[in-house]
Every structure is written in C-alpha cells, then in structure tokens.
Amino acid sequence: MKRSCPRRHQTAHKIGALCLEVPPDRFPGSLSDPTIFPVPMLYETVEGAWVDAILASDPALIDPVIRAAKRLEQRGATLLISNCGFFIHYRPALQKQVSVPAAISSLLWLPHLNQMRSAGGKIGIVTYDSIKLNMAHLRAAWPDLDPDAIAIAGLEGTRTWRDAGLKDSIYDFDQIWEDLRTLLDRLVDAHPAVQLILVECVTLCAFVPLIKRHLGLPTYDIVALARSWLDGLDAGGTFSDHVRPNA
Numbered sequence: 046m047k048r049s050c051p052r053r054h055q056t057a058h059k060i061g062a063l064c065l066e067v068p069p070d071r072f073p074g075s076l077s078d079p080t081i082f083p084v085p086m087l088y089e090t091v092e093g094a095w096v097d098a099i100l101a102s103d104p105a106l107i108d109p110v111i112r113a114a115k116r117l118e119q120r121g122a123t124l125l126i127s128n129c130g131f132f133i134h135y136r137p138a139l140q141k142q143v144s145v146p147a148a149i150s151s152l153l154w155l156p157h158l159n160q161m162r163s164a165g166g167k168i169g170i171v172t173y174d175s176i177k178l179n180m181a182h183l184r185a186a187w188p189d190l191d192p193d194a195i196a197i198a199g200l201e202g203t204r205t206w207r208d209a210g211l212k213d214s215i216y217d218f219d220q221i222w223e224d225l226r227t228l229l230d231r232l233v234d235a236h237p238a239v240q241l242i243l244v245e246c247v248t249l250c251a252f253v254p255l256i257k258r259h260l261g262l263p264t265y266d267i268v269a270l271a272r273s274w275l276d277g278l279d280a281g282g283t284f285s286d287h288v289r290p291n292a
C-alpha cells in the first residue's frame, strides 16, 4: 500500500543532548562517543548545570534548559536526550517549549519496565545519588508510580561519586567499575526480586555491557531509550545493523 505523503528520510534525523557544565567521560560506548548512534549527535551545555545544582532540582535551571533545548532544535535535532537522568525534573516545562520529543532521562523507561516485570518482581535503579533521587523525580517519569516495584542503589560515598561531582570531573574506568560492581552486588543481595536494571547515571552508559554480563539481567539506559526511538523509524534496516560500542 502506497503512502499518501512522502516519508522524511531517516538520515535527516539527529539526536541532541543537553549536557551538564562538567566535562563528560570519554569512554567508548558513552554518550560522548559519536559512534554510539547511527545518526549524528549534537551537544549543548546547559548554563549553570553543575552537579550540585541538578541534584537539587534548582529552579534557576529551567530557563537555561529550555534555551539549550531550543538551540538543539534549531540545529536540527529531532530527538532530545541528556547526559544526566536528573534532568527529568525539568521535562514537563521543557516539553511545552519544543516541538520534538524530550526523552531527557532514562527514568522514562519506568512505565514500560513495570509492564515487563512479573508479579513481585522489582526494577533496580542504579543512580549517581540515591539520596537525591526522590519520588518527585520518579513520578515525573511514571505518574502512576508503584514504590514497591522499585529498589534504588546509588554511588554516593564512593570515590566515583566524589570524582564525578568535581567541576573538573575525573573518570577512572577501573575505579568506576569497582564501585559499580560493589553497588550491583549490594543491590541484588538486598533485593533478590530485582528482575530488570535501569541505569539513571549517564556516566555508567559505557558499563551497560559489563552490567549485563555481571548480573545476567536485562539492563536499560538513556542510550537504549534513544535507540528504541530510532528503531521505531527504521523501515529498511538503516539503523538495525549498527552495533553499540562495547556490546
């Protein structure tokens, strides 16, 4: 059956990322890796979005977030993401100001993952800071949140947490994996019912293949969220052959 109107060519799509003020990690498979998606990536720094401000849901960031998102849209972004899951706090205001989808946090996976767990199963959320990640963040992504369906583990108190929070952030791959592996073991030991893993912290995107191998559980992050959007556009295999780095 013929389409009644022309289809936008898939290569016209670009993914735009809202970024914190701190320098990102440069690991293969991270969001700063230009090969992570089969379409071009655009980046815009949100003025004033330091780690402490984003963790505190500073209302002063609303306008800078919107301005950065509009710059990405003007540059041709057809999907917005971000390099910090805590940007979810600003999504309701942002989505009213742009005409492209604002999938700016992996927490948006939550309603879907809820449908994928069995009775009594839990979604394990791996976050940069489990003290700062609150119910308001989760409900911004999942309005009908079931608190009993989630278990949260954070990196707070670790060397990784300290180093990533610096204005001149430090990223040590081996140290991050050591801290993350300890966190994962603690999470599943405390909550044996965890069936799926959701990675909030974008610094951990490069570690998703390691998480999958270590736990043997389905694991989702912001990269998988954006790729699911691309997969929905893929009518002819244009994107499906692209392999995620480190997979």
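No gaps in the numbering here: position 52 of the sequence shown is 97 in the numbering used here, and each next residue is one more. Cβ atoms here follow ideal geometry from the backbone N, Cα and C, with glycine treated the same way. It should be emphasised that the depicted structure is a prediction, and the values quoted were computed from it without experimental measurement.
Query raised in the report: Taking C-beta to C-beta, are residue 198 and residue 241 nearer than 7 Å?
Result: Locating residue 198 in the sequence shown gives position 153, where the first residue counts as 1. Locating residue 241 in the sequence shown gives position 196, where the first residue counts as 1. No, the Cβ-Cβ distance between residue 198 and residue 241 is not below 7 Å.
Query raised in the report: Secondary structure at residue 73, three-state DSSP: helix, strand or coil?
Result: If you number the sequence shown from 1, residue 73 lands on position 28. If DSSP states are grouped into helix, strand and coil, residue 73 belongs with coil.
Report task. State yes or no: is the C-beta of residue 186 within less than 7 Å of the C-beta of residue 236? Result -> Within the sequence shown, residue 186 is the residue found at index 141, counting from 1. Within the sequence shown, residue 236 is the residue found at index 191, counting from 1. Taking 7 Å as the Cβ cut-off, residue 186 and residue 236 do not qualify as a contacting pair.
**Report entry** Rounded straight-line distance, which links the Cα of residue 163 to that of residue 262
**Finding:** Counted from its first residue, the sequence shown places residue 262 at position 217. Counted from its first residue, the sequence shown places residue 163 at position 118. Cα to Cα, the separation comes out at about 14 Å.
Query raised in the report: Helix, strand or coil: how does DSSP classify residue 60 here?
Result: The sequence position of residue 60 within the sequence shown is 15, counting from 1. Residue state, collapsed to three classes: strand.
Query - Beta-carbon gap between residue 122 and residue 61 smaller than 7 Å - result: Here the question's residue 122 lines up with position 77 in the sequence shown. Here the question's residue 61 lines up with position 16 in the sequence shown. Yes.
Query raised in the report: Thinking C-beta only, is residue 148 closer than 7 Å to residue 293?
Result: The chain is shown only over 46 to 292; residue 293 falls outside these bounds and no answer can be derived.
Query raised in the report: What is the rounded straight-line gap between the Cα of residue 259 and the Cα of residue 74?
Result: Numbered from its first residue, the sequence shown carries residue 259 at position 214. Numbered from its first residue, the sequence shown carries residue 74 at position 29. Taking the straight line from one Cα to the other gives about 17 Å.
Requested in this report: Could you tell me whether the Cβ atoms of residue 205 and residue 224 are closer together than 7 Å?
Outcome: Here residue 205 is taken as the residue at index 160 of the sequence shown, counted from 1. Here residue 224 is taken as the residue at index 179 of the sequence shown, counted from 1. In contact: residue 205 and residue 224 (Cβ atoms closer than 7 Å).
Query raised in the report: Just to confirm, are residue 59 and residue 91 a CB contact at a threshold of 7 Å?
Result: The residue labelled residue 59 in the question sits at position 14 within the sequence shown. The residue labelled residue 91 in the question sits at position 46 within the sequence shown. It is not a contact, given that the beta carbons lie outside the stated cut-off.
Query - Candidates 274, 173, 252, 264: closest to residue 161 by CA position - result: In the sequence shown, the residue the question calls residue 161 occupies position 116. The candidate whose alpha carbon is nearest that of residue 161 is 264.
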